[in-house]
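Peer 1: Okay, handing you the structure first.
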Amino acid sequence: MPTTAPPSTRQSDLVRAARRESVTRTPVWFMRQAGRSLPEYRAVREGIPMLESCMRPDLVTEITLQPVRRHGVDAAIFFSDIVVPLKAIGVDLDIVPGVGPVVARPIRSAADLDQLVPLMPDHVPFVTQAVQQLVRELGEVPLIGFAGAPFTLASYLVEGGPSKNHEKTKALMHGDPDLWDALCARLAQISGEFLRVQAQAGASAVQLFDSWAGALSKADYAARAMPHSATALAAVADLDVPRIHFGVGTGELLALMGQAGAEVVGVDYRVSLTDAVERLGPTYAVQGNLDPALLFAPWDALERRVREIVEEGRHAPGHIFNLGHGVLPSVDPDVLTRVTALVHECSTR
């Protein structure tokens with residue numbers, strides 16, 4: 001089944017930058033722009049649990065569109081959560097406010113893997129419906145689909161929830177590598193199919209989000225995480241959608257993250273775009289990388305840093321302006337609107 005992204009989005013600055021083609025100006029969007037900081041988001045989400053809100057197509061559509069309307073960004077990011085496909089196949093988990101995903105039955109043995117059945121499109125009809133609605137509403141503005149990477153999903157499943165040190169995860173990875181790889185192989189199928197469902201419904205690009213990959217050494221990432229991310233990214237290789245691969249604290253892993261099968265490598269704020277391009281070479285576009293905390297700085301300091309990043313990006317094979325991680329909940333939305341306008345103003349070719 002071919003991708004059904006509108007042909008017009010193929011010529012959008014975001015898709016062109018991802019493909020290392022010429023653009024009219026640097027495209028900009030913000031990770032976690034859909035929700036969190038917007039008062040209109042809090043209004044429509046009031047009284048609705050996170051996972052439920054991700055499974056209601058009309059609500060997903062509205063939340064995804066809000067930052068496009070408000071900020072004038074160059075792409076929408078599909079409103080969801082990395083654990084949605086796990087919930088959809090029956091894993092007993094919940095997103096606890098102030099904590100994050102909490103898993104009722106953590107994976108510690110081979111018997112625990114029976115929770116992870118293959119994801120099929122029929123598990124997530126609400127995703128297909130929401131993406132199709134969004135593509136109609138967005139017109140020439142591209143929609144980015146996303147999924148969590150196998151390593152990050154595995155960490156939540158093994159730890160039972162968020163972890164600072166990933167001690168249970170690393171103990172399993174090294175202590176029972178066969179079980180680890182069996183777990184991640186199942187998650188690679190789930191993540192890959194989740195990306196594919198979104199791309200087939202009309203998403204113009206996809207992002208694989210590996211929140212915790214920076215906790216790994218380069219050798220461990222190459223041996224125990226990268227192959228499974230490669231499987232997930234390969235699931236959309238035939239659909240002609242650019243693939244973005246992002247992780248936090250992954251400066252030492254950038255080249256490997258590109259080699260896993262991405263056209264664009266996301267760069268967090270700890271590494272300059274100049275250094276990232278040097279590490280990646282001419283084969284990849286880059287995305288990033290304003291420190292989200294700088295959105296709270298005085299405007300003159302913030303403007304100076306935005307202009308520096310845009311200038312660094314001019315020397316990349318392709319550049320998508322973004323944050324070096326997600327929008328913080330307490331940020332002033334008007335600042336994001338101003339940053340969007342500034343990027344457009346100072347990058348117009």
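Numbering (the UniProt record's numbering), first residue to last: 1 to 349. Just so you know, even glycine gets a beta-carbon here, dropped at the ideal spot from N, CA and C.
(1) Round the Cβ separation of residue 95 and residue 51 to the nearest angstrom and send it over; I've been treating them as touching at under 8 Å.
(2) Please classify residue 100: does DSSP put it in a helix, a strand, or coil?
(3) To which residues of the same chain is residue 337 closer than 8 Å at the C-beta, ignoring the five residues directly before and after it?
(4) Between which two residues does the beta strand (DSSP E) carrying residue 287 extend?
(5) Going by CA-CA distance only, name the one from 93, 282, 110 that's closest to residue 371.
(6) Rounded to whole angstroms, what is the Cα-Cα separation between residue 183 and residue 102?
(7) Assuming residue 249 contacts residue 268 under a Cβ cut-off of 8 Å, what Cβ separation, rounded to an integer in Å, is found between them?
(8) So which of 308, 168, 147, 98 has the shortest CA-CA distance to residue 193?
(9) What are the start and end residues of the alpha helix (DSSP H) that includes residue 115?
(10) Between which two residues does the beta strand (DSSP E) containing residue 210 stretch?
(11) If the criterion is Cβ atoms closer than 8 Å, does the pair residue 151 and residue 57 meet it?
(12) Nearest CA to the CA of residue 136: which residue from 344, 201, 24, 104?
(13) With a 10 Å radius around its C-beta and 16 neighbouring C-beta atoms as the bar for buried, classify residue 144 as buried or exposed.
(14) Looking at residue 154: is its Cβ nearer than 8 Å to the Cβ of residue 119?
(15) Can you check DSSP and say which residues form a bridge with residue 266?
(16) Between the Cα of residue 315 and the Cα atoms of 40, 37, 245, 273, which residue gives the shortest distance?
(17) Using only alpha-carbon positions, find the residue among 10, 233, 345 that is nearest to residue 321.
(18) Just reading off the alpha helix (DSSP H) that residue 171 is part of, what are its end residues?
(19) With a threshold of 16 other CB atoms inside 10 Å of the CB of residue 174, please say whether the residue is buried or exposed.
(20) Figure out for me which residue from 251, 330, 132, 14 has the closest Cα to the Cα of residue 218.
(21) Roughly how many angstroms separate the alpha carbons of residue 3 and residue 199, rounded to a whole number?
(22) What is the DSSP secondary structure of residue 246, reduced to helix, strand or coil?
(23) Under three-state DSSP, which class holds residue 3?
Peer 2: Result, derived from the coordinates:
(1) 6 Å
(2) strand
(3) 70, 71, 72
(4) 285 to 287
(5) It is not possible to answer for residue 371, since the shown part of the chain is limited to 1 through 349.
(6) 18 Å
(7) 6 Å
(8) 147
(9) It is not in any alpha helix (DSSP H) - residue 115 carries neither H nor E in the DSSP assignment.
(10) 205 to 210
(11) no
(12) 201
(13) buried
(14) no
(15) 287
(16) 273
(17) 345
(18) 167 to 175
(19) exposed
(20) 251
(21) Only weak support exists for where residue 3 lies, its pLDDT of 48 falling under 50; the value from the coordinates is given anyway. Going by the C-alpha atoms only, they are around 6 Å apart.
(22) strand
(23) With a pLDDT of only 48 at residue 3, under 50, the local geometry of the prediction cannot be trusted, and no value is derived from it.
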